[in-house]
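Presented below is the structure to which this report refers.
There are 2 protein chains.
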Amino acid sequence: MPKLIDHDTKKLDIAHATWKIILKEGVRGASVRNIAKEAGITLGALRYYFTTQDELLVYTEDLIHATLAERTAELFMVDLPPQEKILQLLIGLLPETGSGSSAVEARLILKLQSKHSGKSFDASRDSIYQAVKSIMSNLVMLNLLKKETDLSLETDRLYALMDGLAMDAMLRGAVNKPDKARNILETHLNSICKEGSGGQL
Amino acid sequence: MPKLIDHDTKKLDIAHATWKIILKEGVRGASVRNIAKEAGITLGALRYYFTTQDELLVYTEDLIHATLAERTAELFMVDLPPQEKILQLLIGLLPETGSGSSAVEARLILKLQSKHSGKSFDASRDSIYQAVKSIMSNLVMLNLLKKETDLSLETDRLYALMDGLAMDAMLRGAVNKPDKARNILETHLNSICKEGSGGQL
DNA sequence: ATTTATTTAATACACCTGTACTATATTTAT
DNA sequence: ATAAATATAGTACAGGTGTATTAAATAAAT
Chain A
28 MPKLIDHDTK KLDIAHATWK IILKEGVRGA SVRNIAKEAG ITLGALRYYF TTQDELLVYT
88 EDLIHATLAE RTAELFMVDL PPQEKILQLL IGLLPETGSG SSAVEARLIL KLQSKHSGKS
148 FDASRDSIYQ AVKSIMSNLV MLNLLKKETD LSLETDRLYA LMDGLAMDAM LRGAVNKPDK
208 ARNILETHLN SICKEGSGGQ L
Chain B
28 MPKLIDHDTK KLDIAHATWK IILKEGVRGA SVRNIAKEAG ITLGALRYYF TTQDELLVYT
88 EDLIHATLAE RTAELFMVDL PPQEKILQLL IGLLPETGSG SSAVEARLIL KLQSKHSGKS
148 FDASRDSIYQ AVKSIMSNLV MLNLLKKETD LSLETDRLYA LMDGLAMDAM LRGAVNKPDK
208 ARNILETHLN SICKEGSGGQ L
């Protein structure tokens with residue numbers, strides 16, 4: 028008896044509109060009215076799918092992390108030598124220059140926002156943190172890391188570096204040379220990996 | 028003929044109130060009314076010193092950067108062996124655990140906000156970027172860096188690392204071990220400095 | 001064709017927003 | 001004391017905010 032509208036598809040549409048607005052105007056501009064307009068529906072319609080604004084934001088954040096996790100999985104399957112693959116993977120998790128729908132940027136904005144939104148930031152639900160953890164444990168598995176490496180410490184160091192690079196790319200992206208981030212990540216990887224182990228870049 | 032109120036002192040008071048609110052509630056909560064209440068004055072009074080909200084925010088951001096630059100200068104004068112001094116300096120530019128008036132945190136919030144505030148982020152006005160640049164050129168001067176170091180690249184790498192660490196400390200500060208950041212920075216410094224040059228930590 | 005469940009539109013409420021304006025203090029200089 | 005300059009309070013306007021409620025439209029099932 029319903030109108031033939033897929034509930035979940037519609038929710039995804041709205042979440043994508045939210046995502047887009049967050050990138051364009053920040054969380055500040057992500058009012059329900061703005062989002063409804065962006066999604067091409069009415070306030071009442073939006074309200075039908077998400078009874079509360081917070082519910083919509085949580086849903087959108089989940090979508091963004093799911094998207095990033097999926098991209099991570101794809102990048103893991105590329106056919107390349109291990110160290111080069113990992114480098115490409117990390118680069119792939121930075122804001123793409125010119126892409127208008129960057130999941131990385133949206134994640135960063137929402138991550139910082141979490142400081143003032145009641146619910147505290149949970150790294151275990153952060154797709155980027157998970158990706159970095161996977162990468163590090165892969166390096167361990169392949170025995171590419173230098174001896175006496177503190178895995179936990181290096182994980183956190185790389186994670187911080189990724190957040191900083193993402194921020195830099197987002198805020199001064201145009202100013203930077205195209206593969207500045209690539210060179211930095213390459214240097215970083217070389218500094219934590221064994222030398223001459225065939226993995227050298 | 029005026030009431031004996033130091034204009035600049037009052038402006039600083041208001042800016043400090045703004046600063047405090049930004050930490051507590053984010054830029055979103057930094058409405059002129061909220062700020063006026065925090066500063067213990069009326070909306071009209073606030074409006075007398077800052078005719079526009081944006082003017083107040085710019086003023087506050089300048090204050091924060093000036094505060095950080097001052098702290099950097101102080102930390103540069105501590106009497107310690109070079110490499111240890113630099114380590115302490117970097118640690119001093121991360122969010123202090125438990126301090127309710129962290130300039131570093133406020134800077135980070137405003138930095139990210141710059142994406143959606145029209146005016147684009149200018150690294151040359153960023154106190155942290157300047158500090159990192161000073162630190163790196165000091166390492167060069169003291170001949171502590173490894174041969175074949177790309178100075179510009181390592182500057183940007185350390186800068187990104189600092190931003191990432193600041194973010195981490197701010198968002199999951201309680202979760203982290205007290206000197207996690209210290210260990211990370213120590214590792215990082217050792218990895219870019221010559222070994223056995225007497226600067227080893 | 002009529003019933004039924006789902007989807008949309010429209011409106012209203014109470015509140016917060018930045019800015020503008022006016023009238024009233026308050027304090028110093030003459 | 002009077003005048004001038006500074007400072008504050010109070011109020012108003014136009015618009016945005018999240019949420020709630022109601023009535024209407026839509027399309028499938030009977």
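These protein sequence lines map, in sequence, to chains A and B. First residue of the first sequence? That's 28 in this note's numbering, and the numbers climb one at a time after it. First residue of the second sequence? That's 28 in this note's numbering, and the numbers climb one at a time after it. Just so you know, even glycine gets a beta-carbon here, dropped at the ideal spot from N, CA and C.
For the stretch 134-153 of chain A, the residues whose beta carbon sits under 8 Å from a beta carbon of chain B are, in order, 135, 136, 138, 139, 140, 141, 142, 143, 147, 148 and 150. For residue 142 of chain A against residue 56 of chain B, the beta-carbon gap comes to about 11 Å, at or over 8 Å, which does not count as contact. By the criterion of a C-beta distance shorter than 6 Å, residue 180 of chain B is surrounded by no residue of its chain, once the five residues flanking it on both sides are discounted. Between the beta-carbon of residue 189 of chain A and that of residue 159 of chain A there is about 6 Å, and that keeps the pair under the 8 Å contact cut. Listed along chain B are 191 and 195, each with a C-beta nearer than 8 Å to that of residue 186 of chain A. A buried status is given to residue 154 of chain A, since no fewer than 16 other beta-carbon atoms sit within 10 Å of its beta-carbon.
Under the Cβ criterion (8 Å, minimum of three pairs), the stretch 56-68 of chain A counts as touching the stretch 32-48 of chain A. Bounds of the alpha helix (DSSP H) holding residue 161 of chain B are 154-168. Distances from the alpha-carbon of residue 78 of chain A to those of A:59, A:90 and A:96 put A:59 closest. Secondary structure of residue 172 of chain B (DSSP, three-state): strand. When Cβ-Cβ separations below 7 Å define contact, residue 129 of chain A makes no contact with chain B. Cα atoms of residue 213 of chain B and residue 218 of chain A: separation of roughly 14 Å, rounded to the nearest angstrom. Residue contact with chain B for residue 60 of chain A: absent (no Cβ-Cβ distance below 7 Å to any residue of chain B). Within the stretch 195-213 of chain A, contact with chain B at the beta-carbon level (separation under 7 Å) is assigned to 195, 197, 198, 199, 207, 210 and 211. Nearest in C-alpha terms to residue 36 of chain A, of all of A:106, A:90 and A:147, is A:90.
With a cut-off of 8 Å on Cβ pairs, the stretch 129-149 of chain A is in contact with the stretch 95-105 of chain A, counting three or more such pairs. Where residue 188 of chain A is concerned, the enclosing alpha helix (DSSP H) starts and stops at 178-199. By the neighbour-count criterion, in which 16 or more other beta carbons inside 10 Å mark a residue as buried, residue 195 of chain A falls on the buried side.
Contact of residue 53 of chain B with chain A by beta-carbon distance below 8 Å involves 140, 142 and 143.
Any Cβ of chain B closer than 7 Å to the Cβ of residue 180 of chain A would place that residue at the interface, and such an atom is present. Taking 7 Å as the cut-off, the Cβ atoms of residue 116 of chain B and residue 102 of chain B count as close.
Contact of residue 218 of chain B with chain A is assigned, a C-beta pair being separated by under 7 Å. Residues of chain A whose Cβ lies closer than 9 Å to the Cβ of residue 106 of chain B do not exist; the shortest such Cβ separation is about 29 Å. Going by DSSP, residue 97 of chain A is part of the alpha helix (DSSP H) stretching over 80-103. Annotated as distal: residue 162 of chain A and residue 49 of chain A, with beta-carbon spacing of 7 Å or more. For the pair residue 157 of chain B and residue 69 of chain A, the Cα-to-Cα distance works out to about 48 Å. DSSP places residue 202 of chain B in no alpha helix (DSSP H); its state is neither H nor E. Under a 10 Å Cβ-count criterion, residue 84 of chain A is classified as buried, with 16 or more other Cβ atoms of the shown protein chains found around its own Cβ. Contact of residue 215 of chain A with chain B by beta-carbon distance below 7 Å involves 184. Distance from residue 200 of chain B to residue 124 of chain B at the Cβ level is roughly 6 Å; contact confirmed, criterion being Cβ atoms closer than 8 Å.
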